[in-house]
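The next block holds one structure in the form of structure tokens; read it before the comments.
Numbering (the UniProt record's numbering), first residue to last: 1 to 910.
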């Protein structure tokens with residue numbers, strides 16, 4: 001209103017005698033329009049002032065800043081009972097500006113506004129005006145605009161200025177993605193997901209997203225963009241690489257200087273061109289220098305050994321700047337190669353062997369064998385590297401040497417055939433060796449009985465390629481070898497060939513059993529028996545050790561704060577996870593330390609799972625880091641189906657993270673409120689049974705939870721309840737204004753769940769957790785009702801001390817409420833243990849008939865009994881209510897017609 005010229009002309013009711021528009025001078029002597037009212041002498045004031053219609057402009061939550069002065073009632077004589085020091089703020093949504101008068105019933109109250117500073121008549125005389133500034137927020141999402149209204153109920157007040165605004169997350173560029181100016185969400189805790197768009201000359205690496213928080217700040221950047229090839233990030237934009245620089249891929253960090261022997265003549269180059277005479281192979285990365293083909297190999301020498309040649313050489317004088325030089329002996333038809341030139345020039349045959357190879361040699365030595373004897377050969381060695389095939393590189397450089405092979409023995413005979421087989425003789429024939437290496441002078445045949453295994457053999461010689469072998473035993477297998485002889489000597493014997501007299505090549509030995517087979521069979525059976533015995537002994541030993549360990553292992557909780565170094569505790573109890581295995585998908589909440597997100601975890605060798613991710617926001621202190629990681633150190637010690645499971649932590653990079661299993665249905669209290677009345681009693685008892693099982697596990701480990709409540713129970717998609725929130729030990733505050741709360745990293749925790757001895761003496765034990773479990777039972781059966789309703793903390797403490805306990809919720813089985821009352825015994829030694837609670841719930845599940853009786857009838861009887869006792873003392877209704885701690889309901893009962901103790905007898909449970 002400070003910027004509005006002229007009169008505001010807001011609607012006022014009544015039009016006379018109520019709010020009055022007045023011009024005043026502000027602190028800078030600038031005239032502004034204000035509204036004032038000061039009808040403090042007359043009772044029952046109801047003065048309304050309504051603004052003009054305010055367009056919503058897309059806002060979902062608007063903020064109203066009111067600056068005003070207020071007169072202290074004590075400084076006004078004779079106004080006792082009529083003077084007020086507050087006014088009320090209202091709003092009304094409308095699609096258009098057509099409201100000509102104030103319809104009070106259509107307005108919704110925002111708040112009652114009180115002054116922090118009030119002034120007296122002396123202050124006005126001294127020109128000391130005590131200006132108050134109050135800000136209230138209003139959720140407006142259903143209409144195109146709204147009105148604001150101010151109701152005076154009898155105060156002396158002046159509205160100095162009214163400012164209405166809404167918050168946005170401003171236009172920003174993050175990770176090369178532009179995020180537009182975004183209006184915040186309707187709720188104070190809501191996060192608006194915004195998808196960014198890549199800046200010019202960039203491409204999406206991962207979908208860029210951020211969340212607009214309710215306070216107008218951008219949170220949790222996810223994904224982003226990368227500059228295109230030829231461009232790099234500078235000042236939040238993608239700029240072209242300068243001449244002499246290049247960028248080949250969008251994932252490269254930035255423009256790089258052209259490698260040696262290359263250049264770029266224009267901006268935005270994705271690769272540098274090679275200088276003349278230099279080349280780049282197809283497989284070379286753009287960052288590699290341009291290179292040249294090698295020169296020819298040097299000093300090729302040969303050593304002949306009969307029909308084999310050993311060739312050796314030294315590397316080229318110039319390798320071209322590369323390290324991938326290889327050597328080739330060109331294959332036939334490839335333009336030269338190994339050739340015979342004794343009678344004619346022709347490529348070597350395919351039977352010539354090169355060891356270790358003929359193509360792509362990385363060594364400077366090769367053995368060529370299977371050559372022909374007395375033959376002239378020329379060997380050519382080519383030197384090549386990765387750019388030898390490049391266009392314009394020219395022919396490969398080579399060196400050659402000529403040799404003549406020596407005399408050599410013939411190669412072995414490749415095959416033998418048997419004909420005219422009789423009981424005592426057979427005829428053999430064979431082909432000439434593939435490489436006779438000269439004139440065959442004779443053949444030598446060696447043979448023996450197969451059973452003799454060459455211990456006793458005979459030799460026959462012949463000039464032809466056949467021989468008749470006589471004097472053999474009938475029905476006997478013989479083994480034959482043949483070799484040839486030239487002037488250079490004998491060659492190698494052929495491989496063995498077996499033939500049998502009388503056409504019986506494989507006779508059996510003894511009683512029809514092969515001795516070798518028999519020996520192998522017996523050996524095999526023995527080995528199998530030994531293996532079976534060993535496996536039996538090892539398995540029995542493993543079962544004994546495993547059972548012994550399971551029987552004797554007692555796991556006790558270890559407080560991580562006993563470690564001098566918190567990192568030692570976190571590494572002992574939690575598994576470190578590589579941050580690359582985590583994929584964050586969306587924000588699901590805000591915690592004390594930072595955002596809570598959901599995402600996926602993929603560990604090598606395991607299937608991908610959904611997880612919850614807590615992160616530690618930037619700028620944390622050492623204490624915040626220790627507090628944050630302590631919860632993981634605690635969780636990592638637990639392994640139970642009803643305790644939230646820790647997957648691991650990220651501590652070796654920022655931000656620090658705690659990874660837990662993902663619970664789809666969130667906290668139990670919110671889940672129950674969302675599904676009010678939708679579960680059977682057995683289902684509710686099943687949830688309670690899971691919580692009790694988890695707490696029994698914790699108590700067996702000597703762990704005291706201290707903050708057991710439905711808000712700290714998480715529910716998965718199968719309705720399995722798991723205990724969570726293993727934060728720091730909480731200390732009761734001494735501040736009187738904070739009485740009844742614990743201060744923890746998660747904020748203030750109400751004492752409604754805390755046992756009396758924990759409040760009074762700070763005695764936290766498993767028994768105090770049992771008290772809290774009774775409150776959780778009440779929350780579950782009442783579908784998330786707030787314990788003790790609207791009672792303040794001091795009233796709760798006082799009521800409990802006087803013996804008051806929460807009544808049974810609607811349709812609560814009697815046995816369940818009795819179990820709650822057992823958990824709320826004043827003497828902690830009288831409370832049941834979690835083991836006893838678990839046994840009781842198991843019995844109820846096995847006998848569901850015990851859950852049918854509710855406490856409505858008993859409640860009515862109890863009420864009547866109390867009334868009869870009270871009426872014997874002739875108390876009034878007010879006195880009786882006061883005696884049982886329910887005096888606050890006096891007005892409610894009176895408004896409903898219950899004004900005497902007798903009338904209370906007609907009360908029903910409903």
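Every residue gets a Cβ at the ideal spot worked out from N, C-alpha and C, and that includes glycine.
Roughly how many angstroms lie between the CA atoms of residue i and residue j, to the nearest whole one?
i, j, result
"residue 676", "residue 841", "22 Å"
"residue 43", "residue 76", "15 Å"
"residue 720", "residue 640", "12 Å"
"residue 778", "residue 113", "36 Å"
"residue 918", "residue 793", "Nothing in the structure corresponds to residue 918, since the chain is present only between 1 and 910."
"residue 474", "residue 370", "41 Å"
"residue 426", "residue 485", "23 Å"
"residue 73", "residue 37", "14 Å"
"residue 599", "residue 64", "38 Å"
"residue 27", "residue 133", "15 Å"
"residue 785", "residue 601", "36 Å"
"residue 643", "residue 691", "9 Å"
"residue 393", "residue 283", "16 Å"
"residue 310", "residue 414", "27 Å"
"residue 604", "residue 653", "20 Å"
"residue 195", "residue 209", "5 Å"
"residue 903", "residue 897", "8 Å"
"residue 892", "residue 665", "38 Å"
"residue 30", "residue 178", "41 Å"
"residue 491", "residue 408", "8 Å"
"residue 657", "residue 787", "34 Å"
"residue 645", "residue 836", "25 Å"
"residue 281", "residue 295", "17 Å"
"residue 435", "residue 391", "43 Å"
"residue 424", "residue 308", "44 Å"
"residue 471", "residue 403", "50 Å"
"residue 330", "residue 205", "48 Å"
Got a sec, what are the start and stop residues for the alpha helix (DSSP H) residue i sits in?
i, result
"residue 770", "766-781"
"residue 842", "834-846"
"residue 573", "566-573"
"residue 801", "793-801"
With DSSP run on the structure shown, which of helix, strand or coil describes residue i?
i, result
"residue 36", "strand"
"residue 374", "coil"
"residue 145", "strand"
"residue 756", "helix"
"residue 383", "strand"
"residue 419", "strand"
"residue 692", "helix"
"residue 107", "coil"
"residue 912", "What is shown of the chain runs 1 to 910, which leaves residue 912 out entirely."
"residue 320", "coil"
"residue 849", "helix"
"residue 361", "strand"
"residue 326", "strand"
"residue 903", "helix"
Just reading off the beta strand (DSSP E) that residue i is part of, what are its end residues?
i, result
"residue 167", "Run containing residue 167: none; DSSP gives neither H nor E here."
"residue 218", "218-227"
"residue 92", "86-94"
"residue 657", "657-661"
"residue 404", "397-404"
"residue 353", "353-355"
Do we get a CB-CB distance below 8 Å when we pair residue i with the residues of chain D?
i, result
"residue 604", "Given the protein chain composition of this structure (a single chain), no chain D is represented."
If you pair each beta-carbon of the stretch 759-779 with each one of the stretch 706-718, do three or more pairs fall below 8 Å? yes
Sequence ranges, beta strand (DSSP E) only - wholly within the stretch 241-307, length at least 3: 298-305
With a threshold of 8 Å, are at least 3 pairs of Cβ atoms found where one atom belongs to the stretch 372-389 and the other to the stretch 449-461? no
Would you mind listing the beta strand (DSSP E) stretches within the stretch 433-508 that are 3+ residues and don't spill past its ends, in chain order? 442-449, 458-462, 466-469, 477-486 and 497-500
Continuous beta strand (DSSP E) assignments of at least 3 residues falling wholly in the stretch 578-604: 582-590 and 595-601
How about the stretch 226-244 and the stretch 264-283: do they share at least three Cβ pairs that are nearer than 8 Å? yes
Should the stretch 50-65 be called in touch with the stretch 164-171, which here means at least 3 C-beta pairs below 8 Å? yes
Tell me whether the stretch 143-151 and the stretch 49-56 touch, counting them as touching only if at least three CB pairs, one residue from each stretch, are closer than 8 Å. yes
Three CB pairs or more closer than 8 Å across the stretch 283-293 and the stretch 250-263: yes
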